[in-house]
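For reference, the structure is listed below as structure tokens.
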Amino acid sequence: MAPEGRRIGDTFADDSDSDVSIFDHDDATRAKNKGKGKAIDRRKKDKGKGKAKEQPYAWEASYTRSWDTVQEDEAGSLQGAVQDLIARGRRRRLQAPAAAIRRTIIRHLVLVLDLSSAMMDRDMRPTRFDLMLQYAREFITEWFDQNPLGQIGVVGMRGGLGERIGEMSGNPQDVLKSISERHKLEPNGEPSLQNAIEMARSSMSHLPTHSSREILVIFGSLTTCDPGNIHDTLDECVKDRIRISIVALAAEMKICRELCEKTGGQFGVAMNEGHFKDLLFELIPPPAQRAVTRANGGPAANPAADLMIMGFPMRLPDTSPPSLCVCHSQMKSEGFLCPRCLAKVCDVPTDCDICGLMIVSSPHLARSYHHLFPVKPYQAVMTLEDPSNSSKRCHGCSVAFRNTPSTMTGASGEGFSPLGRYRCPECKNDFCTDCDVFVHDVVHCCPGCGK
Ligand SMILES: [Zn+2]
Ligand SMILES: [Zn+2]
Ligand SMILES: [Zn+2]
Ligand SMILES: [Zn+2]
1 MAPEGRRIGD TFADDSDSDV SIFDHDDATR AKNKGKGKAI DRRKKDKGKG
51 KAKEQPYAWE ASYTRSWDTV QEDEAGSLQG AVQDLIARGR RRRLQAPAAA
101 IRRTIIRHLV LVLDLSSAMM DRDMRPTRFD LMLQYAREFI TEWFDQNPLG
151 QIGVVGMRGG LGERIGEMSG NPQDVLKSIS ERHKLEPNGE PSLQNAIEMA
201 RSSMSHLPTH SSREILVIFG SLTTCDPGNI HDTLDECVKD RIRISIVALA
251 AEMKICRELC EKTGGQFGVA MNEGHFKDLL FELIPPPAQR AVTRANGGPA
301 ANPAADLMIM GFPMRLPDTS PPSLCVCHSQ MKSEGFLCPR CLAKVCDVPT
351 DCDICGLMIV SSPHLARSYH HLFPVKPYQA VMTLEDPSNS SKRCHGCSVA
401 FRNTPSTMTG ASGEGFSPLG RYRCPECKND FCTDCDVFVH DVVHCCPGCG
451 K
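Below, the structure is given as structure tokens:
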């Protein structure tokens, strides 16, 4: 172990890392992070020039024990600490804008993966490359879950070229398959930001205006090897309203920040594995549209809502006679019929290859709605004196509320109820902490009032 003083010096000033890993990460990642602690670090910026030899035990000094932040209460129980973490998660959600904002639910994203030799760096375990692939898979799954009407394409950067790895597709399985074979993505050479962005841009040039066009770059290198002036590419992207977001793994580069700022995207440098995932997953909710108008300068010319044509396809049973699909030209029995031209496509949502009609299924459409009409945040009940609701049990799961306020120190604060009660502002029913989180994160509909 490193000397005590050193470890303290390296502890993070911000605590986002530990609390987020409880909420947003799946169990596997959490377990992994726990076992390994957080490889870090502050020092990453010197990494290019600095040598490991000059800083003995650098890996050890930067070892932060995430479990140190969890403290037992007087009774020796961890429950209080866990509630504190949940409360912090709630607080973050409460900070999210409650007012209605215009969001794009039909999204098109090109995921640009850095496959240059810089990705073989081991500052993130096991390597940047493996971690990127793992997080990219989780990102794609979660992204499609939240954006069922969206489509993702994948582009790689290696050997100074942009490389199309996966075509734009609305089917999560297709996208996951494109990055499933690790040996085909083996990193080598220099990345070319310009080539990759140009390739991503060309694959989105045909898209209609009601959909968003986004590029997300995971960038591990500190150089880019471009054939021309990348600022011209940037100008083209601004003109095409393409939003570029970059998650850098090494350090900030001016051109990266500029790409993001001018196109209205987000830029972040990952400090460690957990932070990398946070940065990535922040890009999952649909972007608010006002950011686009701001990025284009000029007055906020938010266009009036315009209607768009969508078709609900007819699903063919598995027993129907085989016929050719228009997307792959394969003989298949199952598929969907375009309601306008009766062409057969394999998957929805998609654009009909024949007539261009957008084909969606109604569950996809319904699932996209919760971003537009979020459940109002529940208010924390601070005292029992309010007579408007004296129910003893949670309206959601019938668990009994406690009668005495919790004495946890550090757990108090905005958004945390010492009684563990959270009240819906519409129906005035009280819910427990677990139900509150479940309603807002999974159900997207209040069981008390149906809103
Ligand atoms: Zn097909
Ligand atoms: Zn059609
Ligand atoms: Zn409950
Ligand atoms: Zn309600």
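Here UniProt numbering is used: the first residue of the sequence shown is 1, the next is one more, and so on. The beta carbon of each residue, even a glycine, is placed where N, CA and C say it ideally should be. Values in this document were obtained by computation on a predicted structure and should not be read as measured data.
Distance between Ser-245 and His-231 (C-alpha atoms, nearest Å): 16 Å
Mind checking whether the beta-carbon of Gly-448 lies closer than 6 Å to any heavy atom of ligand 6? Among the ligands modelled here, namely ligand 1, ligand 2, ligand 3 and ligand 4, ligand 6 does not occur.
What is the DSSP secondary structure of Gly-297, counted as helix, strand or coil? Note on Gly-297: pLDDT 42, under 50, position unreliable in the model; the coordinate value appears next. The answer is coil: DSSP assigns Gly-297 none of H, G, I, E or B.
Would you identify the three-state DSSP class for Phe-219, choosing helix, strand or coil? strand
Exposed or buried, what is Lys-451 when buried is set at 16 or more other beta-carbons lying within 10 Å of its beta-carbon? exposed
With distances taken from CA atoms, which of His-206, Leu-259, Gly-153 is nearest Leu-193? Leu-259
Using 8 Å as the Cβ pair cut-off and three pairs as the minimum, do the stretch 344-358 and the stretch 135-144 touch? no
Would you call the CB atoms of Ile-152 and Val-175 closer than 7 Å? yes
Give the straight-line distance between the Cα atoms of His-440 and Val-375, rounded to the nearest whole angstrom. 6 Å
Return the bridge partner residues of Met-358 from the DSSP annotation. Met-310, Asp-351
Under the three-state reduction of DSSP, which class applies to Leu-109: helix, strand or coil? strand
Residues whose Cβ lies closer than 6 Å to any heavy atom of ligand 3, in chain order: Cys-394, Gly-396, Cys-397, Val-399, Phe-431, Cys-432, Asp-434, Cys-435
Name the one or two DSSP bridge partners that Leu-337 has. Met-314, Lys-344
Residues sharing a beta bridge with Gly-160, DSSP: Looking at the DSSP assignment, Gly-160 forms no beta bridge with any residue, so it has no partner.
Residues bridged to Glu-214 (per DSSP): Leu-109, Arg-243
Using DSSP bridges, identify the partner residues of Ser-323. Lys-332
Does the stretch 223-241 come close enough to the stretch 260-270 that 3 or more CB-CB pairs lie under 8 Å? yes
Using the C-alpha atoms, what's the distance from Pro-321 back to Leu-283? 43 Å
Would you give the residue range spanned by the beta strand (DSSP E) that Gly-268 belongs to? 267-269
Where does Gly-410 land, buried or exposed, given buried means 16+ other C-beta within 10 angstroms? For Gly-410, the predicted model reports a pLDDT of 47, less than 50, meaning its position is unreliable and no value from the coordinates is stated.
Hey, is Cys-346 close to ligand 1, as in C-beta under 6 Å from one of its heavy atoms? yes
Going by DSSP in three states, Tyr-422 sits in which element: helix, strand or coil? strand
Are the beta-carbon atoms of His-395 and Phe-431 separated by less than 7 Å? yes
Count the other CB atoms, across all protein chains shown, that sit within 10 Å of the CB of Ala-250; report buried if there are 16 or more and exposed otherwise. buried
Following the continuous alpha helix (DSSP H) through Met-199, name the residue where it begins and the one where it ends. 193-204
State whether the stretch 112-132 contacts the stretch 207-223, with contact taken as three or more CB pairs (one from each stretch) at a distance under 8 Å. yes
Buried versus exposed call for Asn-429 [16 or more other C-beta atoms within 10 Å across all chains shown]: buried
Selected residue, minimal CA-CA separation from Glu-163, among Ala-248, Ser-211, Cys-446, Pro-191: Pro-191
Where does Ile-179 sit, in a helix, a strand or coil, going by DSSP? coil
Tell whether a beta-carbon distance below 7 Å holds between Ser-368 and Leu-149. yes
Check this for me: beta carbons of Arg-423 and Phe-401, under 7 Å apart or not? no
For Met-331, is the classification buried or exposed, using 16 other Cβ atoms within 10 angstroms of its Cβ as the cut-off for buried? exposed
In the DSSP assignment, the alpha helix (DSSP H) including Ala-136 goes from what residue to what residue? 128-146
What do you reckon, is the C-beta of Leu-337 under 6 Å from a heavy atom of ligand 2? no
Could you name the residues of the same chain whose beta carbon sits closer than 7 Å to that of Pro-405, not counting the 5 residues immediately before and after it, in chain order? Pro-418, Leu-419
Distance check for Leu-365 and Lys-344, CA to CA, integer angstroms please. 20 Å
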